[in-house]
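Q: One structure coming up, written as structure tokens, with questions to follow.
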Amino acid sequence: MGRNARLERIKEIIGKEDIGTQEMLAEKLAVSGFKVTQATLSRDMRELGVVKKRGRNGRLIYSLPGEEEQVSGATKGAARMIESFVTGIDLSGNLIVIKTMPGHAQGVAASIDRLALSGILGTIAGDDTILVVTENPKKGRTIVKGLEDMLAGRKH
Numbered sequence: 013m014g015r016n017a018r019l020e021r022i023k024e025i026i027g028k029e030d031i032g033t034q035e036m037l038a039e040k041l042a043v044s045g046f047k048v049t050q051a052t053l054s055r056d057m058r059e060l061g062v063v064k065k066r067g068r069n070g071r072l073i074y075s076l077p078g079e080e081e082q083v084s085g086a087t088k089g090a091a092r093m094i095e096s097f098v099t100g101i102d103l104s105g106n107l108i109v110i111k112t113m114p115g116h117a118q119g120v121a122a123s124i125d126r127l128a129l130s131g132i133l134g135t136i137a138g139d140d141t142i143l144v145v146t147e148n149p150k151k152g153r154t155i156v157k158g159l160e161d162m163l164a165g166r167k168h
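Given below as structure tokens:
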């Protein structure tokens, strides 16, 4: 059972039950066959955009953001990754080559994938280089402009 299955199970648990602590969530995950460390669980929850809110009984419980908040969270996360780890962006037709600090290409590529940008056919990541294939050169220019804005610290 991989990471994506674990993330889906976290969403199911939080969506159905009043979970107030990471320990409670970790126990529920363990029953489902997912043994996680506190660090992994924190990372997963941050990626999912999990927040605390008041439950029906007034206690604070974990909650998933609405779809609009998820998009905003993905944009903020991608902008943070791009600002922190991207060292260059080049465009050649419908191909975008993104250079990152060593060891960070896969994380940056994953954050770009989570944006689900229209016009991206796919990403391939190595250690410090990402290849982004776009539908056409025009889409490539549009996507590069957005990525460069994030690199410059201007959030969309």
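Residues in the sequence shown are numbered from 13 upward in steps of one, following my numbering. Note that the Cβ used here is the ideal one computed from N, Cα and C, for glycine as well.
Per DSSP, which residues does D102 bridge with? Please list them.
A: Position 90 of the sequence shown, counted from the start, is the residue given in the question as residue 102. In the DSSP output, where bridge partners are listed per residue, D102 has V109.
Q: Can you tell me which residues form a DSSP beta bridge with I142?
A: Looking up residue 142 in the sequence shown gives position 130. In DSSP, I142 forms a bridge with I110 and A137.
Q: When we look at the beta-carbon of V43 and count the other beta-carbons within 10 Å, is it buried (16 or more) or exposed?
A: Here residue 43 refers to the residue found at position 31 when the sequence shown is read from its first residue. So V43 ends up on the exposed side.
Q: When DSSP builds the beta bridges, which residues end up paired with R66?
A: Here residue 66 is taken as the residue at index 54 of the sequence shown, counted from 1. Beta-bridge pairing links R66 to L72.
Q: Going by other Cβ atoms of all chains shown within 10 Å of its Cβ, with 16 needed for buried, is E80 buried or exposed?
A: The count along the sequence shown starts at 1 and reaches residue 80 at position 68. Low confidence applies to E80: its pLDDT is 41, below 50, so where it sits in the model is not reliable, and the reading given next is rough at best. E80 is exposed by the Cβ-count criterion.
Q: Take the Cβ of A90 as the centre, count every other Cβ of all protein chains shown within 10 Å, and call the residue buried at 16 or more, exposed below.
A: Residue numbering aside, residue 90 sits at position 78 when the sequence shown is read from its first letter. Buried.
Q: On the CB-based measure, 16 or more other CB atoms within 10 Å of its CB, does M93 come out buried or exposed?
A: To locate residue 93, count along the sequence shown from 1; it is residue 81. With 16 or more other Cβ atoms within 10 Å, it is buried.
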